[in-house]
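Participant:
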Amino acid sequence: MCVCASLDASKAFDSLSHSTLFRKLIKCNVPHCFIDVIIDWYSKLESVVKWNSVFSKPYNVSCGVRQGGILSPFLFNLYINDLLKDLLAKDYGCHVGSVLFGCFIYADDIIILSPTLCGLQEMINVCTRYSHCHDTVFNTKKSVYIKNI
């Protein structure tokens with residue numbers, strides 16, 4: 837038996853915390869000159885709201901990565917990498933020989949696999965704890981599970 841869940845991280849690219857991202861860049865030993873450029877780049881982000889023909893005052897943007905930015909997928913992967921480590925540490929996924937196949941991530945979509953329903957629930961619990969600590973929300977309306985007998 838194998839059970840699978842597909843989790844959709846709602847607006848994951850938009851909700852990524854800049855300060856957490858910067859800490860993760862430092863933790864991963866990314867060269868400081870590169871981190872300085874990213875911090876400078878992201879600390880100057882501003883946005884405005886347009887309603888009809890009226891614009892709001894500019895406000896600072898402290899979360900999210902640039903949509904369509906060439907670095908955005910890399911930065912998001914770095915941001916979510918600790919979730920993968922947490923899931924791997926639990927070792928609840930499906931094994932083929934000695935290789936663990938428990939989690940697949942593409943952009944903001946996460947697929948988790950387990951040979952048992954209890955194992956899948958534990959993996960969902962790991963994802964839930966991670967989401968609370970990293971301001972990520974999983975969209976329950978777009979998340980599903982499949983049980984294959």
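My numbering puts the last residue of the sequence shown at 985; the count rises by one with no breaks.
Virtual Cβ for every residue (Gly too), placed ideally from N, Cα, C.
For Ile982, which beta-bridge partners are listed by DSSP?
Facilitator: Note: Ile982 sits in a beta bridge opposite Cys840.
Participant: Find the nearest neighbour of Ser842 within the set Ile874, Ser908, Gly955, Ile947, judged by alpha-carbon distance.
Facilitator: Ile947
Participant: Which of the three DSSP states, helix, strand or coil, is assigned to Cys864?
Facilitator: coil
Participant: From what residue to what residue does the alpha helix (DSSP H) around Val962 run?
Facilitator: 953-969
Participant: Does the distance from the CB of Cys899 to the CB of His970 come in under 8 Å?
Facilitator: no
Participant: Determine the extent of the beta strand (DSSP E) in which Asp945 is found, giving its start and end residues.
Facilitator: Taken as a continuous stretch (DSSP letters only), the beta strand (DSSP E) holding Asp945 covers 945-950.
Participant: Which of helix, strand or coil does DSSP assign to Asn989?
Facilitator: Look at the range of the chain in this structure, 837 to 985, and you will see that residue 989 is not part of it.
Participant: State the Cα-Cα distance for the pair Lys886 and Phe849, rounded to the nearest angstrom.
Facilitator: If I take the Cα positions, the gap works out to 22 Å.
Participant: Rounded C-beta distance between Met959 and Lys983? I'm assuming under 8 Å.
Facilitator: Their Cβ separation, rounded to whole angstroms, is 14 Å, which puts Met959 and Lys983 out of contact at 8 Å.
Participant: Can Lys851 and Thr972 be called in contact, C-beta distance under 8 Å?
Facilitator: Reading off the sequence shown, one finds Ser at residue 851, where the question assumed Lys. Result yes, Cβ atoms of Ser851 and Thr972 sit closer than 8 Å.
Participant: Do Leu936 and Leu924 have their C-beta atoms closer together than 8 Å?
Facilitator: yes
Participant: Going by C-alpha distance, which of Tyr966, Thr952, Tyr981 is nearest Cys838?
Facilitator: The residue among Tyr966, Thr952, Tyr981 with its C-alpha nearest the C-alpha of Cys838 is Thr952.
Participant: In terms of residues, what are the limits of the beta strand (DSSP E) holding Tyr942?
Facilitator: 939-942
Participant: Which same chain residues, not among the five before or five after Phe912, have their C-beta less than 8 Å away from its C-beta?
Facilitator: Ala848, Phe849, Leu852, Val901, Ala943, Asp944
Participant: Taking all protein chains shown into account, do 16 or more other C-beta atoms lie within 10 angstroms of the C-beta of Phe910, making it buried, or fewer, making it exposed?
Facilitator: exposed
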